[in-house]
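Counting from 51, one number per residue, gives the positions in the sequence shown under the working numbering.
C-beta atoms are modelled at their ideal positions from N, C-alpha and C, and glycine is treated no differently.
Notes follow once the structure below has been shown.
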Amino acid sequence: MAILNVGSINIDGFYSVRSIPGPGETISSANYFETLGGKGLNQSFAAARAGAAIRHCGAINHSDTHIVQAMSDAGIDCTHISRLEDYPTGRAVVMVADDGENAIILNSGANRQVPDHAVSAAMADMAAGDWLLVQNETNATPFAIRTARSAGLKVALAAAPFVAADIVPLLPATDLLMVNAVEFSQLCEADPTLATAPGLSVLITKGSQGAELRSNDKVITVPAHAVKAIDSTGAGDTFTGYFLASLDAGDEPIRALSLASAAAAISVTRKGAADSVPTLGEVNDFLTRA
């Protein structure tokens, strides 16, 4: 089995602050560092560290070759990442407060220029039953979903950033919808029937309150682990990547939820996004001690 992630790739600039500033407020940052990020990239890192065969289709500026090298070193197939001359790699400004909460500003850059032909090429040798993973951060999501359905792939949609007008039309072709509690509430406000549509499984992450999977009138829940969080950036992406990798490996949903919850718990005890994703060995050790 395999996973194709048609997803975003960013360079994240992290600012450590005492608290998230309000409108008109100027504050000082105690520390700054850059790392790789983007929901798509983070989820690919998580899937790779969970042991999945993961390939990534996205777009970056042609000069940022270090990104492809880092992804390849993590075990991600980068064959279908487009290197563009006229668009910058996506950027994020991330403010992380002392309590671990964050605020993020995004510039999409090349993420909105992923060519259809790259998506088609990335999907060409995938088999029925493999997974397509998409988010709402690239231009390629609708095309990728249509192509995946035609090829017999299963579709997992991590519906963030959540915009009802973007997400709702994609749900009839989606097998697994992944949202946080706020996004799920917004979805229900847009159309309460969509969240219970036949054939659609919904994974809802709830931060410190754990997560639940709704599928075929059944609800499976998993609690969150009590840890001291220092940076919650990318925790949801870690959960998503681990959960899908576990399903792709043939694990039962409760096992997938357990692994994903532990991986997310470890990630919030570390700084950064992709850099904070634990290995499968670390996750299994954590669960043994829990």
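message: Give the list of continuous alpha helix (DSSP H) stretches no shorter than 4 residues that lie fully inside the segment 146–188.
response: 166–173
field: Status (buried if at least 16 other CB within 10 Å, exposed otherwise) for residue 77
entry: exposed
field: Cβ separation of residue 237 and residue 229, assumed to be a contact under 8 Å, to the nearest whole Å
entry: 6 Å
query: Could you check where the alpha helix (DSSP H) with residue 304 kicks off and where it finishes?
result: 303–317
- prompt: In its own chain, which residues sit with a C-beta less than 8 Å from the C-beta of residue 189, not counting the 5 before and 5 after it?
  reply: 161, 162, 163, 164
- prompt: If residue 194 and residue 182 are in contact, beta carbons under 8 Å, what's the gap, nearest whole angstrom?
  reply: 6 Å
query: Considering only C-alpha positions, which residue in the set 216, 75, 225, 255 is nearest to residue 271?
result: 255
- prompt: So residue 65 and residue 145 are in contact, right, with Cβ under 8 Å, and what is the actual spacing, rounded?
  reply: 5 Å
message: Counting beta carbon pairs with one atom in the segment 104–119 and one in the segment 145–156, are three or more of them shorter than 8 Å?
response: no
message: Taking the straight line between their C-alpha atoms, what separation do you get for residue 104 and residue 75?
response: 42 Å
- request: Would you check if the distance between the CB atom of residue 218 and the CB atom of residue 240 is smaller than 7 Å?
  value: yes
Counted within 10 angstroms of its Cβ, other Cβ atoms place residue 266 as buried (16 or more) or exposed: exposed
field: Buried/exposed call for residue 71, threshold 16 Cβ in 10 Å
entry: exposed
query: residue 210: which of 233, 69, 140 sits nearest, CA to CA?
result: 233
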